[in-house]
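Okay, so the sequence shown: first residue is 115 according to my numbering, each after it adds one.
Take a look at the structure set out below.
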Amino acid sequence: MAVKANPQRIIVFCDGTWCGRETGTQSNIWKLAEAFGIDLSGGKNDTVNTHLNFRARYFQGSGTGKPFLYYLFDGVTGSDLRDKCVEAYQYVAENYVPESQIWMFGLSRGAFTVRCVAGMINNCGIVKPSQERGAVSQLQAAFETKFLCEEVYRIYRSPYEEDKPNTPKMKAFRDKWSYSEVENPTQPPVKFMGLIDTVGSLGIPRLNPGMYAGGEWPEFHDQKVSSVVEKVYHAMSLHDRLWIFQPCRASRTDTLLRRITDNPASRSRVAGKQPDYQIYERWFPGCHYDLGRQQFEFLREGSGNGVNIFERVSSFLSSPISRSVIPNKSSADAVLRWLLEKVDEESGNPTFDRMQSLVGFDNEVNNTRKNPQVLSAQSLSECSGDIYDQLELYAPGAKLLPSGLLSWASLLFPGSNEFSKIALATRDRRVSCMSSSASDGVTLTTVEDYKSSLSANDLSAFRQKYPSKTFELHEAYCPNHQAGNGSTQ
């Protein structure tokens, strides 16, 4: 079946924890969604573009849409990720038609969400909405489709061998419920996956929930990216140190790698028939929240279903005596610009003709693309930097609290800060040093060489803001590191 010159694209944006209207956080996923034409500032969550033949939807991050206690619990534990995965998958299922391309973008736990959605597609295909199977009414069709999508998630999370993608049971499931076109190996349904610092844990890893027994505390079920996804672009943080934010890198399944080994031509497009399964992993300077442009205070100040009047008043009163986490704008701009460029390249618009661009709809974002803020003493002075050694400074009302609060609490109540020591422990990340020829053959890792653009004074200021030694260790000990451009080839 020939690929349409202008296929329908289904575009999904999944934001990071506590990101969205409720916190007033305009993350890089928010900005990408607006670049695609979603009027988020005007209260919209989706858009349909008939000229460029795409439809797109934005999903707020984990911890949003519910009352304050749920905001805290879901934000810390990620316990609402099941609902986020089902919602995103259902949007795809309800809008998919044969030959559609799916483009997905995610930040942090939102990146986890889109990777889960890809896993659900690999496991169960893309199910047909109930109205296509003769549901009596539109309301009944919506309920039946939702229940079916929830079953897809349960199957995807199942530990049983019979629920694995290549078993007879799952092939029969896809034959009955899903579109057959998704099985076409030359046309992966997910054309593009843009990820911003997927973290390898949800909530606090390896911590038994105890009193919440029976609840779901999911960690990554499957860290591999299957053949239903063609291109992967993953922006990763060089300087984040929070141990529960260790990155979850993207890699291909063993089945796909064997297919590539048996058929080298499948590594790249051949006469437009073979998909290109390349993974582009790029490490940017800054912390997790810098790359995502996550600026917020602990209390919610925006609008949303979960924010009541008391919380708004509390946020208003505490704002003058509280500190916001301010991301490094130069790091955020670099990530956004990289993803915008890759969207244009992959959509057949490498020269960025705004009339034909999928991401030409927001002037502010396009100005960022043309004139991104560069890493400098000014950008460093405006950001919070690495906050992990002084998190108490960002608590509500922290400006009125004595410095060294955690240390004082430990002296007064011995052992009181042990939990915080465990949960907030820090550890430098490690960048893969394996050359392409020695790795799986489909992953290209690049490390942004931020040091070459900084003066000695600016570099000293950077090291004070970001104590991580990840880049220096990579530079010193990786035999594949190339001086000058920071690449690992």
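C-beta atoms are modelled at their ideal positions from N, C-alpha and C, and glycine is treated no differently.
If you run the structure through DSSP and keep just helix, strand and coil, what is residue 156?
-> coil
For residue 204, is the classification buried or exposed, using 16 other Cβ atoms within 10 angstroms of its Cβ as the cut-off for buried?
-> buried
With residue 62 and residue 222 assumed to form a contact (beta carbons below 8 Å), what rounded beta-carbon distance in angstroms separates them?
-> There is no way to answer for residue 62, as the model of the chain reaches only from 115 to 603.
Opening and closing residue of the alpha helix (DSSP H) in which residue 234 lies = 223-238
Can you tell me the Cβ-Cβ gap for residue 200 and residue 264, rounded? I've got them flagged as a contact below 8 Å.
-> 6 Å
Using a threshold of 8 Å, state whether the C-beta atoms of residue 493 and residue 442 are closer than that.
-> yes
Between the stretch 354-368 and the stretch 537-546, do three or more beta carbon pairs fall short of 8 Å?
-> yes
Identify the continuous beta strand (DSSP E) that holds residue 123 and give its terminal residues.
-> 123-128
From 206, 270, 490 and 209, pick the residue whose C-alpha is nearest to that of residue 237; which is it?
-> 270
Give me whichever residues DSSP pairs with residue 215 in a beta bridge.
-> 123
Residue 396: buried (16+ other C-beta within 10 angstroms of its C-beta) or exposed?
-> buried
Outcome for residue 346 when other beta-carbon atoms lying within 10 angstroms are tallied against a minimum of 16 = buried
Tell me, to the nearest whole angstrom, how far the beta carbon of residue 154 is from that of residue 172; I am working on the premise that it is less than 8 Å.
-> 6 Å
Terminal residues of the continuous alpha helix (DSSP H) containing residue 143?
-> 142-149
Which one of 474, 287 and 306 has the shortest CA to CA distance from residue 231?
-> 306
Since residue 303 contacts residue 235 with CB under 8 Å, what's their CB separation in whole angstroms?
-> 6 Å
Just how far apart, CA to CA, sit residue 185 and residue 174?
-> 12 Å
Straight-line gap, residue 258 to residue 485 (C-alpha atoms, nearest Å) = 48 Å
Collapsed DSSP secondary structure at residue 350 in the structure displayed | strand
Supposed close pair residue 435, residue 514 - CB separation, criterion 8 Å = 5 Å
Straight-line Cα distance separating residue 433 from residue 545 = 38 Å
Hey, residue 536 and residue 449 are a contact pair by Cβ (cut 8 Å); roughly how many whole angstroms apart?
-> That pair is no contact at about 30 Å.
Would residue 327 be called buried (16 or more neighbouring beta carbons within 10 Å of its own) or exposed?
-> With a pLDDT of only 42 at residue 327, under the threshold of 50, the placement of this residue in the model should not be trusted; the figure read from the coordinates follows. So residue 327 counts as exposed.
Please name the residue or residues paired with residue 604 in a DSSP beta bridge.
-> The requested residue 604 is not part of the displayed model; the chain covers only 115 to 603.
Assumed close pair residue 168, residue 147 - CB separation to whole angstroms, cut-off 8 Å | About 12 Å; that fails the 8 Å criterion.
For residue 85 versus residue 440, is the C-beta distance shorter than 8 Å?
-> The displayed coordinates of the chain run from 115 to 603. Any statement about residue 85 would go beyond what the structure contains.
Out of curiosity, what's the CA-to-CA distance linking residue 212 and residue 483?
-> 33 Å
Reference residue 437, options 575, 461 and 410, closest by Cα | 410
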